[in-house]
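*Asks:* The structure's right below; bear with me while I get my questions together.
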Amino acid sequence: MPFYARLGEIPRKRHQVTRTVQGDLIAEELMGKEGFAAESALLYHLGMPTAIVEADVVQGDDAILTPNVPLLPRHFVTPKLTSQPNLEPLGRHLLLGNDDVRISYALIDKPTALYRNAVGDECLFVQAGAGSIETVFGLLTVREKDYAIIPASCTYRVKPAHGRALELLVIEGRGHIEFPARYLSKRGQLLESAPFSERDLRLPSELLVVDESNVEVLVKARSALTRYIYARHPFDVVGWDGCLYPFVFNMSDFEPIVKRFHAPPPVHQTFEGPGFVICSFVPRPFDFDPTSVPVPYNHANVDSDEVLFYVDGDFMSRKGSGIEAGSISLHPAGFIHGPQPGSVESALGKPDTKEFAVMVDTFAPLQLGTAASAIEDPNYAWSWSKRHGGTSLEG
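full-length UniProt numbering numbers the first residue of the sequence shown as 1 and each following residue consecutively.
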């Protein structure tokens, strides 16, 4: 994160003895990226954040990923997951993944376990519902179309609001999810040319000081989940400061870049991680030259797989393909893809697009998770031609 923030009570100097009003020593924790060479935060705990009383392996990395063969474009219908039971402990259905990134869909109908991902940052995108993300840094409230960026090794849990499950697109990186370098000054401020600013970011609003003992936390590291029992609740932080913390950004605050003729996807980029990028497609005026073709041209992703998560609106380039809100399409490297038949003609003369979508481009091939096969529309690959009628399955 490029700017400094603080919350709660902290001592005047770093690494300075500080005590509670009762005289107990407060424990300082440094949470830093790249060792001591990049952004960091200092958190001040009432207890020892290192005090564990039990540890055991919950499970190995038992996710099964299979290659996308035969090489095909794919369509996954996430609303079909709503009838499946909540998966423990995080409610995630793994759909796609490689060594750099994993893409899951989560259905959260009750508070998740306390969790810490020590492999990399996570991006939680809210497709439906509302709720909160309780973190060691404090409380984040979330609503539809929010991106929540959770830094690696930040302990948190997700809690849905009463009455409706939270539905999340979960993007797990092997490393850090950051703003594109071209949006930042050399000292880290978001530039005037960036499609959003620091004012659009929501930080933890209040600390969560919980007085509990023998608390379970699941930690993802290397190829397994480890279950720790902590002597006291990790949410015992009375203050923190620094440039590393979770935050929320709503897709609706992304300011689209418009050109006279069709602009390529990098103008929609919002975040980047090692081996992947995340882009936001939001309502925007169409290209304004009278001879422009407003929908994307046919293109081959020579070096990347393209994933589109369709959030809301009228998905003009996918007319007649069965794509709807909650759909996920995968267009792999080696497959030339573009608008469905009739999409160009129907878009001509329209003033704007009214769609919301999240795009994840990866620079290594994505493999398919077991949950993907259960919700795949098998007719999507043929929707550019007449095979199988060129339509997708109902439901």
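Even for Gly, the Cβ is constructed at its ideal location relative to N, Cα and C.
1) Please report the distance separating the alpha-carbon of Glu144 from that of Ala130.
2) Using the beta-carbon count (16 or more within 10 Å), is Gln367 buried or exposed?
3) Looking at C-beta atoms only, is the number of pairs between the stretch 152-167 and the stretch 117-134 that lie closer than 8 Å three or more?
4) For the stretch 19-101, list the beta strand (DSSP E) runs that are entirely contained and at least 3 residues long, ordered along the chain.
5) If you draw a straight line from the C-alpha of Tyr245 to the C-alpha of Leu90, how long is it?
6) Return yes when the Cβ of Asn301 is within less than 9 Å of the Cβ of Asp377, no when it is not.
7) Among the residues of its own chain, which have a CB less than 7 Å from the CB of Ala27, if the five just before and after it don't count?
8) Is the distance from the Cβ of Pro266 to the Cβ of Val282 below 9 Å?
9) What is the DSSP secondary structure of Arg187, reduced to helix, strand or coil?
10) With respect to the alpha helix (DSSP H) encompassing Thr370, which residues constitute its N-terminal and C-terminal limits?
11) Once you ignore the five residues that flank Glu198 on each side, which residues in its own chain have a CB closer than 8 Å to its CB?
12) Taking His233 as the reference, give the member of His268, Ser213, Phe249, Asp312 with the closest Cα.
13) Taking Cβ to Cβ, would you say Ser104 is nearer than 9 Å to Arg116?
14) Measure from the alpha carbon of Tyr228 to the alpha carbon of each residue in Glu54, Val101, Pro67, Thr82, then state which is nearest.
15) For Phe276, which beta-bridge partners are listed by DSSP?
16) Which complete beta strand (DSSP E) runs does the stretch 295-363 hold, if anything under 3 residues is left out?
17) Excluding the 5 residues flanking Thr112 on each side, which residues of the same chain have their C-beta closer than 7 Å to its C-beta?
18) Among Ser292, Tyr310, His331, Phe309, whose alpha-carbon lies nearest the alpha-carbon of Pro351?
19) Enumerate in chain order the residues of its own chain whose CB-to-CB distance from Ala221 is below 8 Å, with the five nearest sequence positions on each side excluded.
20) Out of Leu166, Ala161, Gly242, which has the shortest C-alpha to C-alpha gap to Lys13?
21) Quick check on the DSSP output: the beta strand (DSSP E) that includes Trp240 runs from which residue to which?
22) Who are the Cβ neighbours of Ile52 in its own chain at under 6 Å, not counting the five residues just before and after it?
23) Examine chain B for any beta-carbon lying closer than 9 Å to the beta-carbon of Phe254, and answer yes or no.
24) Arg12 by DSSP, collapsed to three states: which one?
25) Do the stretch 195-211 and the stretch 15-27 touch if we need at least three Cβ pairs shorter than 8 Å?
26) Drop a sphere of 10 angstroms on the beta-carbon of His75, count the other beta-carbons inside from all chains shown, and report buried for 16 or more, exposed for fewer.
27) Using only the alpha-carbon positions, how far apart do Glu324 and His268 sit?
28) DSSP state of Trp382, grouped into three classes?
29) Nearest by alpha-carbon distance to Gly326: which of Val344, Ala357, Gly338 is it?
30) If we ignore side chains and look at the alpha-carbon of each, how far apart do Ala333 and Phe286 end up?
31) According to DSSP, simplified to helix, strand and coil, what is Asp377?
32) What number of angstroms, rounded off, separates the C-alpha of Ile64 from the C-alpha of Val248?
33) What residues in its chain sit with their C-beta under 7 Å from that of Phe309, if we drop five residues either side in the sequence?
34) Under 6 Å Cβ to Cβ from Asp146, same chain only, skipping five residues before and after it: list those, please.
35) To the nearest angstrom, how far is it from the Cα of residue 398 to the Cα of Asp314?
36) CA-CA distance, residue 400 and Gly338?
*Replies:* According to the structure shown:
1) One C-alpha to the other measures close to 6 Å.
2) With a threshold of 16 other beta carbon atoms within 10 Å, Gln367 meets it and is buried.
3) Three or more Cβ pairs drawn from the stretch 152-167 and the stretch 117-134 lie within less than 8 Å of each other, which places the two stretches in contact.
4) As summarised for the stretch 19-101, the continuous beta strand (DSSP E) elements at least 3 residues long and confined to that stretch are 27-32, 40-45, 52-60, 74-77, 92-97, given in chain order.
5) Those two C-alpha atoms are separated by around 21 Å.
6) It is not a contact, given that the beta carbons lie outside the stated cut-off.
7) For Ala27, where only same-chain residues beyond five positions count, the Cβ hits under 7 Å are His45, Gly47, Met48, Pro49.
8) With respect to Val282, Pro266 sits apart: the two C-beta atoms are not nearer than 9 Å.
9) In the structure shown, Arg187 sits in coil (DSSP, three-state: anything other than H, G, I, E or B).
10) Its alpha helix (DSSP H) spans residues 370-374.
11) Cβ neighbours of Glu198 beyond the five flanking positions: Pro2, Phe3, Gln189, Leu190.
12) Comparing Cα positions, the closest option is Ser213.
13) No, the Cβ-Cβ distance between Ser104 and Arg116 is not below 9 Å.
14) Out of Glu54, Val101, Pro67, Thr82, Glu54 has the C-alpha closest to the C-alpha of Tyr228.
15) Paired residues: Gly273, Thr362.
16) With a minimum length of 3 residues, the continuous beta strand (DSSP E) runs that stay inside the stretch 295-363 are 305-312, 327-331, 356-362.
17) Excluding positions up to five away in sequence, the list reads Pro89, Leu90, Gly91, Arg157, Val158.
18) Minimum Cα distance to Pro351 is reached at Ser292.
19) Here the set comprises Ala118, Val119.
20) The candidate whose alpha carbon is nearest that of Lys13 is Gly242.
21) Segment 237-242, the beta strand (DSSP E) holding Trp240.
22) Tyr228, Tyr230.
23) Absent from the structure is chain B; it holds one protein chain and no more.
24) Assigned with DSSP and collapsed to three states, Arg12 falls in coil, not helix or strand.
25) No contact exists between the stretch 195-211 and the stretch 15-27.
26) Flag for His75 reads buried.
27) Computed Cα separation, rounded: 20 Å.
28) DSSP places Trp382 in helix when its eight states are reduced to three.
29) Selected option, being the one with the closest Cα: Ala357.
30) If you draw a straight line from the Cα of Ala333 to the Cα of Phe286, it comes to about 27 Å.
31) Here Asp377 sits in coil by DSSP.
32) Taking the straight line joining both Cα atoms gives about 31 Å.
33) So the list reads Leu169, Ile328, Ala357, Val358, once near-sequence residues are dropped.
34) If you ignore the 5 residues before and after Asp146, its C-beta comes within less than 6 Å of the C-beta of Val126, Val248, Asn250, all in its own chain and listed in chain order.
35) Look at the range of the chain in this structure, 1 to 395, and you will see that residue 398 is not part of it.
36) This structure cannot speak to residue 400, because the chain is shown only from 1 to 395.
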